[in-house]
RNA sequence: AAAGCAAGCCGUCUUAUCGCUGCUCUGCUCCGGCAGAGGAGAGGAAAGUCCGGGCAACACAGAGCAUCGUACUUCCUAACGGGAAGGCAUUCUGGCAACGGAAUGACAGAUAGUGCCACAGAAAAUUACCGCCUUUGUAAUGAGUACUGAUUAAUGCAUAAUGACUACCUAAAAAUAUUCAUUUAUCAUUCUUUAUUAUUCAUUAUAAAAGUAAGGGUGAAAAGGUGCGGUAAGAGCGCACCGCCUGGCUGGCGACAGGCAGGGCAUAGGUAAACCUUACGAGUUGAAAGACCAAAUAGGCUGGCAUAGCAAUGGUUAGUGAUUAAUAAAUAAUGAGUAGUCAUUAAUGUUUCUUCAUUAGUCAUUGCUAAAGGGCUGCUCGCUCUUGGCCAGCGGGUAGGUUGAUGGAGUGCAGCUGUGAAGCUGUGCCUAGAUAAAUGAUAAGACCUUUUGCAAAAAAGGACAGAACCCGGCUUACAGGCUUGCUUUUUAU
RNA sequence: GGCCUCAUAGUUCAAUGGAUAGAAUAGAAGUUUCCUAAACUUUUGAUAUGGGUUCGAUUCCCGUUGAGGCUA
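Numbering (our numbering), first residue to last: 681 to 815.
Shown next, in the form of C-alpha cells:
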C-alpha cells in the first residue's frame, strides 16, 4: 500500500473514490462545507487517532438532477469534474500536508449551466486552496 | 434534374497522450491484490414506463361475487391494448356512371334495466297541449226559406161598401141574385223595404263528446323519408321506390354481402370515453425480487468455569444430647491405716470409641431460580442507580461481498410454405455488463451545417439523446444523409 | 428502479358535462384627498399542452410536458 504513495500517478482507481453509502451519509450530515462558484465542497476530516493513514482522500462528484434534467448533461459534467481532479491530483494533494488530508470529499456542482473544461479546472484549484486555508 | 408525399436504411470519422470498467493470457504475491500484453466497451429510440411475456418470492381445492382491463372478423405470436389480411362506417378524392383510390375509426349491446338531455320549444319520450276535422248545445253575425206584422206598388172568377144595369119581386122601397164599374177598405198573391219568430246553411266565439297525429317559430336531436291515391280531417290507411324489422336461401371459415318472402313501422330519439349488460382475460409483488458467503458490535441460544439464593440426597467436619464400651487424674463414700498413702465403688466428671438424633459449616450430585447490593420512607409493592464476569460453540444477521446478470422467443443471407404478418430448414455472424454506477478528457485533422465573405478563408456549431435483469411491441424526440416507389414541374433526346 | 397525486387570473382557491369560468388578494387606470392610506369604479385568463367522445368539455378518455409525494 505504501508503494502507491506516488503522487505523480494520474490514475484514479476505485479506492480513491467514495463508494460507501454509510460514509456518504455521514459526510452529508456532519461534513463542513466550502463554497466557490460553481462548486460546493463537503469534507470530513480524518477520525482522530486512526492508525492507518490513507494517502489520498476519497472523492465523490455530484450533479443535481434538479438543475440538469437530462442524464446526458449530468454525465458530461461529472466526467469533466473527474478529469479535472484526476489531471490535477498531484498538485492538489501536495498543497496539503499529509496528516491534514480530509478523509472524504464531496464535490457538488451548483451552477445551472454547463461550464467548459478549462475554467472548471481553474475553479477546482481555487476551491481546493480554500479548503486548505480552512483546514 | 428539382420539389412534395410514402416506405425502408444510416445516424459523424481518424490519430496521439492521459485515464475508467469487464474479459483472456503471462509473471509476482503478504493470497487482499499488483504489474505487463492483447482484445472489448451506449441507442434507434438505450427515453416515456403505456401494454405484454420470461424470471423470482409469496399465496392458491374448486366455484361464485366484487374490482380492473379488452371489445367488427379471421389469422400471426410466448403473449399483447402489437401486427397482417379482410369486412363495415365516415371524410376526402378520380370518374357521366359502373366502379375505384387515400385517410381515419374505443367499430359489441340503446329491442335487459336505471339515469341524463341546459336554454329554446307545445312536447326531450308517458305522450299531453295547441291546432285540424266531425257531431251536439249555446250565443252572435250574414244569407236563404217559411209565417206574422207594417209598408210600397201591381194584380185579383176574393170579400165588403158604393154606384149602375139586368132578373125576381114590387106601389115604392128594401132585400136577394147576376153582371159591370168605382175605388175606399179588407183579404190573397207577387214585388220593394223593414221587423219578429222558426228553420237551413255559412262564419265566428264558447262548451262537451268522438276522430287525428299531417302541421305547430325552437332545438344538436321532434316519433320512418319522397310521391300518388285516399279521407270529414288525417294517418303505412293503401300503393311505388328507399330505409327498418323478421324468416328462409345463395356465397364466404367469419365479420359480412347479394337476393327472396313476409311484416306494415311497433317495446324503434341521442348518450354506454353515464351507470350498466354480454363475451373474453387478469392471484399479488417486482431484480433495491430472490439465493449464498459473512467482519465488527450487541441482555440471541447452548455448554463449561465462576457468582448468588432455595430445596433434596449423600459424604465429611464441629457442637449438643442419648446410648454402649473403655478410662487416667480429681472429688466423694467405704475399707486398710495415726497420717501420707493404697484398694474398691460411684445413678459424678473427663476423654476416646460404636450407633442414633439434631444443629451449623463445607464439599459433591440433582433440581429450581437468576439475581445481588444501594437509594427513594420503617416494611411490602413500585420506581431508580451500580454491578451482572470469562471461555468455547451455534444460529439469525448488519457493514461488505458473490450471485441473480447477460447467448437470446437474437440476427444477416438463401430455399420452401403462406395473399400477408409470420413459420420451417440450411448456413454465416454476433457478443457492453457498470453498481454513488465505467464507456471519457484534452489536442490535431477530416466530413457536414450555419453566418460573414466575390473568392480564398475565418468564426460558431455537430440532432434527439446515456444501458441498470432480459425480451416483444406501442408512444414520444430527432440535425443531416442514402435507397426505392408515386405525383407534379422544367430541360434534353 | 417502482408506484401515486396534482396542474384554473401575478398569488391563494372555487366549479354538478349546460356556455360571459367565479371569489379573495395583488397590479394598472380613474374618482375622492393638499398628499398618502382607506373607500368606490373599471381592467387583467388561449382552464399546463395536443388530440378525441359528446349537441356542448375546466369536468369524461388518450398522448405529451411540468410539479409534488410514497417506497428502499
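Think of the CB as a built atom: it goes at the ideal place given N, C-alpha and C, for glycine as much as any other residue.
Opposing strand residues paired with residue i [DSSP bridges]
i, result
"residue 697", "739"
"residue 712", "723"
First and last residue of the uninterrupted beta strand (DSSP E) at residue i
i, result
"residue 787", "784-789"
Cβ shell of residue i (< 7 Å), same chain only, five flanking positions each side left out
i, result
"residue 688", "Because residue 688 sits at a pLDDT of 46, beneath the cut-off of 50, its placement in the model cannot be relied upon, and the following sentence gives the value as read from the coordinates. If we look at residue 688 and ignore the five residues flanking it on each side, its Cβ neighbours are 770."
"residue 799", "none"
"residue 766", "690, 692"
Opening and closing residue of the alpha helix (DSSP H) in which residue i lies
i, result
"residue 751", "751-767"
"residue 811", "797-814"
Contacts around residue i, its chain only, beta-carbon distance under 6 Å, and the 5 residues preceding and following it disregarded
i, result
"residue 722", "707, 711, 713, 786"
"residue 801", "764"
request  = State whether the region 697-711 contacts the region 744-752, with contact taken as three or more CB pairs (one from each stretch) at a distance under 8 Å.
outcome  = no
query = Any chance the region 759-767 sits against the region 707-714, with 3 or more Cβ pairs inside 8 Å?
reply = no
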